[in-house]
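Accompanying notes for the structure given below.
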Amino acid sequence: MSCQVTCGCGVNYNIANVYCKRCNSEKWKHRFPNWTTGNYALNELIKNSQHSAKTDYELIEWIDFSDLQDLNQIDPGVYEAVWKSGPLTNCYEDNPGDFLTIHYTPFWNMIGNNWNRSPEYKVSIKEFTDFPVFLKEVICDELF
Ligand SMILES: [Zn+2]
Numbered sequence: 131m132s133c134q135v136t137c138g139c140g141v142n143y144n145i146a147n148v149y150c151k152r153c154n155s156e157k158w159k160h161r162f163p164n165w166t167t168g169n170y171a172l173n174e175l176i177k178n179s180q181h182s183a184k185t186d187y188e189l190i191e192w193i194d195f196s197d198l199q200d201l202n203q204i205d206p207g208v209y210e211a212v213w214k215s216g217p218l219t220n221c222y223e224d225n226p227g228d229f230l231t232i233h234y235t236p237f238w239n240m241i242g243n244n245w246n247r248s249p250e251y252k253v254s255i256k257e258f259t260d261f262p263v264f265l266k267e268v269i270c271d272e273l274f
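Pasting the structure below:
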């Protein structure tokens, strides 16, 4: 079965490589003024990942605390929560649960003029008190 996705820029992609770097990095760039972590180094790390990501797995995104709910401590310094907006996804269903109505996109939904997301997504949160240790862990995660 051959399946291709056409991005808004006109480029065709196979589903396995559907993140359009050119379009998505521009869309992230336009949103840079809309958020801040409050830390310059962390802002730059996130912006750099959004600028250079070739897949969604290389992407770091700032999640504002207001976009989390049901925060629950599961260990000292470790929490679980529900990310209301959720991570990016390359597909959506017209009728949830009906795989026949799945549509694939290059993560950007041209109809909704926003990214496709999997809302109400359960996430783990790790508390850091030492910022250099945090940066080292994030950078190592980004490299591997
Ligand atoms: Zn594109």
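Mind the numbering: the sequence shown is residues 131 to 274 in the numbering used here, read in order.
Virtual Cβ for every residue (Gly too), placed ideally from N, Cα, C.
Check: Can you tell me whether V100 is buried or exposed, with buried defined as 16 or more other CB within 10 angstroms of its CB?
Finding: This structure gives no information on residue 100, because the portion of the chain shown stretches from 131 to 274.
Next item on the list: Spatial neighbours of R247 within its chain, please: CB distance less than 8 angstroms, with the 5 preceding and 5 following residues excluded, ordered by chain position.
Entry: Within the sequence shown, numbered from 1, the residue matching residue 247 stands at position 117. The answer, listed in chain order, is S215, G216, P217, L218 and T219.
Item checked: Reference T181; option with closest CA among K151, L172 and N173 -> As a working mapping, residue 181 is identified with position 51 in the sequence shown. In the sequence as presented, Thr is not what sits at residue 181; that position holds His. For the options K151, L172 and N173, the alpha carbon positioned closest to that of H181 is the one of K151.
Margin query: Let me make sure I understand the geometry here. Which of N225, N144 and K177 has the alpha-carbon closest to that of I190?
Written below: Here residue 190 refers to the residue found at position 60 of the sequence shown. Comparing C-alpha distances from I190 to each of N225, N144 and K177 shows the shortest one belongs to K177.
Margin query: For T136, list the residues DSSP reports as bridge partners.
Written below: As a working note, residue 136 is residue 6 in the sequence shown. DSSP, once it has assigned bridges, lists N142 as partnering T136.
Notebook entry, point to check: Just to confirm, does Q148 get its C-beta within under 7 angstroms of one of the non-hydrogen atoms of ligand 1?
Noted result: Stepping through the sequence shown from its first residue, residue 148 is reached at position 18. Correcting the residue identity first, residue 148 is Val in this sequence and not Gln. No, ligand 1 has no heavy atom inside 7 angstroms of this Cβ.
Note to self: Given this structure, state the Cα-to-Cα distance separating F258 from G140, to the nearest angstrom.
What the structure shows: Translated into the one-based positions of the sequence shown, residue 258 becomes position 128. Translated into the one-based positions of the sequence shown, residue 140 becomes position 10. Cα-Cα distance, rounded: 43 angstroms.
Next item on the list: Can you say whether N154 is buried or exposed, counting buried as having 16 or more other CB atoms within 10 angstroms of its CB?
Entry: Taking the sequence shown and counting its residues from 1, the one referred to as residue 154 is at position 24. Under this definition N154 is a buried residue.
Next item on the list: Compute the distance between the beta-carbons of M240 and G168, then report whether it is under 8 angstroms.
Entry: Taking the first residue of the sequence shown as position 1, residue 240 is located at position 110. Taking the first residue of the sequence shown as position 1, residue 168 is located at position 38. Result no, Cβ atoms of M240 and G168 do not sit closer than 8 angstroms.
Margin query: So, at 6 angstroms on beta carbons, what are the nonlocal neighbours of I232 in its own chain, with the 5 sequence-adjacent residues on each side left out?
Written below: Walking along the sequence shown from the start, residue 232 turns up at place 102. Closer than 6 angstroms at the Cβ level, and outside the excluded window around I232, lie C221 and E223.
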